[in-house]
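First comes the structure, then the notes that go with it.
In the working numbering, the protein residues as written are 42 to 261.
Right, dumping it as structure tokens:
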């Protein structure tokens with residue numbers, strides 16, 4: 042909760058210097074993936090899942106020669122995975138379903154506006170884990186021991202990484218309903234550069250598609 046309060050205080054302190062503030066909500070589709078190709082005996086497969094996002098954005102903030110956009114987001118997302126690894130002496134496999142909620146702070150240093158209606162924004166996000174739910178089974182065998190298996194939530198207190206970093210792009214079309222108000226259907230894409238899990242498979246990352254509606258108001 043303290044992360045949310047800090048983010049809101051920071052964004053509020055910028056409003057007097059900004060030109061637009063936006064409230065955004067919509068759906069996301071998450072896909073976990075491995076950034077590098079599978080090597081050796083390692084293999085993985087992932088199933089996508091849908092979630093939702095709520096976001097506050099402040100844009101047209103002038104810092105020296107840069108015009109910036111900032112966002113504070115709450116995301117709920119998840120998915121399913123199956124991953125295995127091992128060698129000639131044994132193998133182990135994990136099947137898991139993971140849902141998590143996170144809070145993200147976004148900074149967009151590259152911003153364009155086309156025909157005064159189409160917004161293009163490119164930047165990066167810093168994210169912290171708020172909560173997670175996970176379930177599944179890890180199983181395997183070795184030459185020296187009998188087959189084994191256990192429930193993930195009985196062995197681990199947590200499964201997901203605590204912090205994340207990634208890139209985000211956004212495109213929006215502004216429908217002006219007054220001089221100060223606009224409705225903005227928009228699509229954005231997040232590409233994760235950091236690992237999603239602390240447990241096996243540790244190298245898994247996330248990419249997410251967002252389909253949202255924003256309500257934008259000029260405040261300066």
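Heads up, the beta-carbon is just placed ideally off N, CA and C, and yes, glycines get one too.
query, result
"Backbone secondary structure at residue 186 - three-state DSSP", "coil"
"Reference residue 104, options 185, 151, 208, closest by Cα", "151"
"Own chain, CB closer than 6 Å to residue 140, minus 5 neighbours either side, in chain order", "119, 174"
"Which of helix, strand or coil DSSP assigns to residue 59", "Reliability of the predicted coordinates at residue 59 is poor, the pLDDT of 48 falling under 50, and the value obtained from them is presented with this limitation in mind. Here residue 59 sits in coil by DSSP."
"Simplified DSSP state of residue 228, which is helix, strand or coil", "strand"
"Best match in 177, 216, 124, 91 for proximity to residue 197 [C-alpha to C-alpha]", "177"
"Chain-order list of residues whose beta-carbon lies under 6 Å from that of residue 100 (same chain, five-residue window excluded)", "61, 110"
"Limits of the unbroken alpha helix (DSSP H) element including residue 194", "193-196"
"Best match in 193, 238, 190, 181 for proximity to residue 201 [C-alpha to C-alpha]", "238"
"Cβ-Cβ distance between residue 232 and residue 255 below 8 Å", "no"
"Residue 298, buried or exposed, once every other Cβ within 10 Å from all chains shown has been counted against 16", "This structure cannot speak to residue 298, because the chain is shown only from 42 to 261."
"Check whether residue 203 and residue 170 have beta carbons under 8 Å apart", "yes"
"Residue 158 (DSSP reduced to helix, strand or coil)", "coil"
"Residue 142 Cβ short of 7 Å to the ligand ZN heavy atom set", "Here there are no bound small molecules, and the ligand ZN is not part of this structure."
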